[in-house]
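Just so you know, the protein sequences line up as chains W and V, in that order.
Residue 693, in my numbering, is where the first sequence stops; the numbers in between run on with no holes.
Residue 251, in my numbering, is where the second sequence stops; the numbers in between run on with no holes.
In what follows, a single structure is set out as C-alpha cells and then discussed.
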Amino acid sequence: MNDTVPLALQLAWFVTTLLFIVGLRRLSSPNNARSGIWLAGLGMLIAIASMYFHPELRQNQVLILAAMSIGGGIALLHAQRIDMTRIPQMIALYNSLGGIAAGAIAMLVLLNVSEHGVLVKSLAVLGGLIGCIAFSGSLFAYLRLRGYFSRRSGFAQRQVAYIASGALVMLLGLILAASSTAHPVLLLLFVGLAICFGILMTLPTSAADMPVLISLYNALTGLAVAFDGFVLENPAMVVAGTIVFAAGSLLTRLMARSVNRRLSEIMYSGFGITDEAEATSTDKDHVNTIDSRDAAVDMAYAGRVVIVPGYGMATAQAQHKLRELTQLLDERGVQTSFAIHPVAGRMPGHMNVLLAEAGVPYEKIQDLSDINAEFSQVDVVLVVGANDIVNPAARDDADSPLFGMPVLDVDSAKRVIVLKRGDGTGYAGVENPLLFAPVTRVLFGDARDSVQDLILAIKGLE
Amino acid sequence: MSGVSGLYLVLLAGVAGYVLIARVPSILHTPMMSGSNFIHGIVLAGAMLALGGADTFLEQVIGFIAVAAASANVVGGFVVTDRMLALFDKATIKKGNYAGISPLTIKSTVETSDSAQSDDVSKIA
C-alpha cells in the first residue's frame, strides 16, 4: 500500500493519528482537557507540514500557501474575537467549512475520472454528497442560530421536494460513479442538489434543537473526510474521519437523549408549529409582576437562593453580574448556588463555560439530579432567561410537546422570581404554566440590567 | 490502502471513536464536539493534495476554496476549543488546583478579561 508515498511521510501520518486519539481521550476529562486539544493541534501541524513532502503535491505550492493564510488568518481573527455565548454557531460555521472542503476534494477527483476506478469514484461520490449536505445543513443551522430564517415555514411541498431531491441526487451520483468520462455539468447539478438537500433537511428544526443537529452534521463531515481519505489513500484522514463520525454519532444520541427526544422527532416533527398562534394569545394579566426592590428584599432575607440560568443569561451577558450578586448574598449569609439543566442554553455545558468565565467556583454549581430533591427547602429561585427547562408542563401535562423532558422542579420552592425579557414563549414555542403559578413573580427587563438593579437594591438595604 | 485492510481500519477507528466519547461527562459535551470539529480539519491534508494536483483554472479555483475552507476549519476549530477549555482551567485554578497554571493559561485569561466588562475585570483578578 502507498508505494509512491515515502516511509517518513507515512510514519508522520501515524504519529498524527496517535496524537489525535490521545488528544481526544484527554478531552474527555476536565483535568487535562486543555492538553488534549494541544496534542491534537500538534498532530495536525505534523500532518500539514508533512504534506509538503508528498510526491503528488507537484504544483501550485504558492497558491496553497496563499489559500492557507487567507482561510486560516480570517478564522484566527474571527475565532479569537467571537463571544463565548456564540459557541454553537461557531461550531456550525467551522463545520460547514470542513464540509465544503470535503465536497470540493470529491469534485476535483470526479473531474479527473479517467485516472480512477469505479470503487474510488463511488467513494468520491459519497464523500462529495455527504460533504455538501454537511456544508449547507450546518451553514443553515448557523444562520438560523444567528436569527435569520427563524420562521419555520413548513411549506406544503417540502416533503415532496425533500424526497425528490434526495432521489435525484442519488441517481446523479450513480451516473457519476459509473461513467468513465467527466461530466462537469452533471457534477455541478449533483453538488447543487446535495446543497439543497442539506437545507431541506435542516428546515424543520427549531433553533432550540439545532445543537443536536449540528452534532449530527459534525459527525457527517467526519464521514465525508473518511471517504475522501480512502480516495486520496491517506490513512490519517480515514482514521480521524471515522473517529469523528463514530464519536459524533454517539454524542448526537446522548444530546438527543438529554432532551428526551428521538433524532427523528427533532428532524421531522416541526415541533410546536401548530400551537404558535394559540400560545401567544393567552392573556398576560394572570402574570404577577414584581419590582427589583421587592425581589431584592426576598433574596436578601432568604436562607437559600438558587439561580437557574438559561440562554437569556448568555444573550444578555449577565453571568458576571450574577457572580457579583451571589457574592453579595454570600456576604449576608445567604446560601447560594446555581442549578444547571443539562441542556440549558441550547448546548450541554454551555452555562458551565459561561459561569466559569465569570469566575463562579465549581462547588456552587449543582446539576439537575442533585438539586431537584432540594427545591422544597429553597426560599427563592431566580430564573434568569430560562424557559423550557423549568416548564412544569413537561412533567404534568401529557399533551405538552415538552412532555417527558426532565425539567428543574423550581415550582416547589417557596418563591420563584423569573427574569424575562419579553412576554413571548421559549424556544420550543410552548406556553409556560410556571409564569402563572401562585409562587411565581415576574421581573420584566433585560437580564443584565435586572440583575444590576437587584445588586443595587440589595446594597441599598443597609 | 487496499479495500479490505481499509475496512478493518474503519472498523477499529469506529470502535475507538465510540469508546473515546462513551464516558464523557455532559459538561464536556460541548468542548468534545468542538474538539472533534477541529479533528476533521485534517481534510486540509486532502485539500492540499487536491490543489497540488490541479491543472486547469477551474480545478485551481475549486482547490483554492477547499484549502482556504479547510484551513479555516482547522484554525477556527482549534481556537474555539482552546478558549472554551481555558475557561475550565480558570475555574479549576479558583478552586485551588494550581497544577493547571502555565504561561498559556495566564495569557488566555488576560484575553478573555479584555472582552469582559472592565468593571468586572478588577474583581475577577
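Idealized CB from N, CA, C, for every residue including glycine.
request  = Select from the stretch 146 to 165 of chain V all residues with a C-beta closer than 8 angstroms to any C-beta belonging to chain W, and list them in chain order.
outcome  = Those residues of the stretch 146 to 165 of chain V placed with their C-beta closer than 8 angstroms to a C-beta in chain W are Leu146, Ile147, Ala148, Arg149, Val150, Pro151, Ser152, Ile153, Leu154, His155, Thr156, Pro157, Met158, Met159, Ser160, Gly161, Ser162, Asn163, Phe164, Ile165, ordered along the chain.
request  = Could you tell me whether the Cβ atoms of Ala455 (chain W) and Ala333 (chain W) are closer together than 9 angstroms?
outcome  = Yes, these two residues count as a Cβ contact at 9 angstroms.
inquiry  = Less than 7 angstroms between C-beta atoms, sequence neighbours within five positions excluded: which residues of the same chain meet that for Asp642 (chain W)?
reply    = For Asp642 (chain W), same chain residues with a beta-carbon under 7 angstroms away, outside a window of 5 residues either side, are Pro623, Leu665, Ala668, Val670 in chain order.
message = 9 angstroms is my cut-off, CB to CB: does Phe183 (chain V) come that close to chain W?
response = Taking a beta-carbon distance threshold of 9 angstroms, Phe183 (chain V) does not count as an interface residue toward chain W.
Listed by chain order, chain W residues near Val206 (chain V) by CB distance under 8 angstroms = For Val206 (chain V), the residues of chain W that pass the 8 angstroms Cβ criterion are Ala310, Ile313, Ile318, Met321, Ile322, Tyr325, in the order they occur in the chain.
task = Grab the span of the alpha helix (DSSP H) containing Thr557 (chain W) for me, first residue to last.
result = DSSP places Thr557 (chain W) in the uninterrupted alpha helix (DSSP H) bounded by 550 to 562.
task = Note down the Cα distance separating Leu213 (chain V) from Ile430 (chain W), rounded to an integer number of angstroms.
result = Roughly 34 angstroms separates the two Cα atoms.
request  = Say whether chain W places a C-beta atom closer than 9 angstroms to the C-beta of Val130 (chain V).
outcome  = Judged by the 9 angstroms Cβ criterion, Val130 (chain V) is not in contact with chain W.
ask   = Are the C-beta of Asn465 (chain W) and some C-beta of chain V separated by less than 9 angstroms?
value = Between Asn465 (chain W) and chain V, the shortest Cβ-Cβ separation is below 9 angstroms.
inquiry  = Please give me, in chain order, every unbroken run of the alpha helix (DSSP H) with length at least 4 that falls completely inside the stretch 387 to 442 of chain W.
reply    = Complete alpha helix (DSSP H) runs here, min 4: 389 to 409, 415 to 433.
ask   = If you draw a straight line from the C-alpha of Thr473 (chain W) to the C-alpha of Leu146 (chain V), how long is it?
value = One C-alpha to the other measures close to 12 angstroms.
task = Label Lys552 (chain W) either buried or exposed according to how many other C-beta atoms from any shown protein chain fall within 10 Å of its C-beta, with 16 as the threshold for buried.
result = Taking every protein chain shown into account, the CB of Lys552 (chain W) has 16 or more other CB atoms within 10 angstroms, so this residue is buried.
task = Following the continuous alpha helix (DSSP H) through Pro466 (chain W), name the residue where it begins and the one where it ends.
result = Pro466 (chain W) -> alpha helix (DSSP H) spans 466 to 489.
task = Would you mind stating whether Pro261 (chain W) and Ile153 (chain V) have Cβ atoms separated by less than 9 angstroms?
result = Cβ atoms of Pro261 (chain W) and Ile153 (chain V): closer than 9 angstroms.
message = If you reduce the DSSP assignment to three classes, tell me which class Lys645 (chain W) lands in.
response = Coil, per DSSP.
inquiry  = By the three-class DSSP mapping on this structure, what secondary structure does Ala533 (chain W) have?
reply    = Coil.
Three-state class that DSSP yields for Ile521 (chain W) in the structure shown = Three-state DSSP puts Ile521 (chain W) in coil, outside helix and strand.
query = Curious, which full-length alpha helix (DSSP H) runs of at least 4 residues does the stretch 589 to 624 of chain W contain?
reply = DSSP runs (the alpha helix (DSSP H)) wholly in the stretch 589 to 624 of chain W: 599 to 603.
query = Which same chain residues, not among the five before or five after Thr156 (chain V), have their C-beta less than 8 angstroms away from its C-beta?
reply = So the list reads Met210, once near-sequence residues are dropped.
query = Using the rule of at least 16 other Cβ atoms within 10 Å of the residue's Cβ for burial, across every protein chain shown, is Gln290 (chain W) buried or exposed?
reply = Counting Cβ neighbours within 10 Å, Gln290 (chain W) comes out exposed, since fewer than 16 surround it.
key: Member of W:Ser281, W:Val416, W:Asn263 whose CA lies at the smallest distance from the CA of Leu342 (chain W)   = Taking the Cα of Leu342 (chain W) as reference, the smallest distance to any Cα among W:Ser281, W:Val416, W:Asn263 is reached at W:Val416.
key: Paired residues, beta bridge with Arg672 (chain W) - DSSP   = Under DSSP, Arg672 (chain W) takes part in a beta bridge, and its partners are W:Ile648.
ask   = Does Leu687 (chain W) come within less than 9 angstroms of chain V when only Cβ atoms are used?
value = Not one chain V Cβ lies under 9 angstroms of Leu687 (chain W).
query = Around the C-beta of Val130 (chain V), are 16 or more other C-beta atoms found within 10 angstroms, so that it is buried, or is it exposed?
reply = Per the 10 Å Cβ criterion, exposed.
inquiry  = Quick check on Val236 (chain W): does DSSP put it in helix, strand or coil?
reply    = It is coil, neither helix nor strand.
message = One question on the structure: do Leu613 (chain W) and Ile648 (chain W) come within less than 9 angstroms of each other, judged by their Cβ atoms?
response = Going by C-beta atoms, Leu613 (chain W) is nearer than 9 angstroms to Ile648 (chain W).
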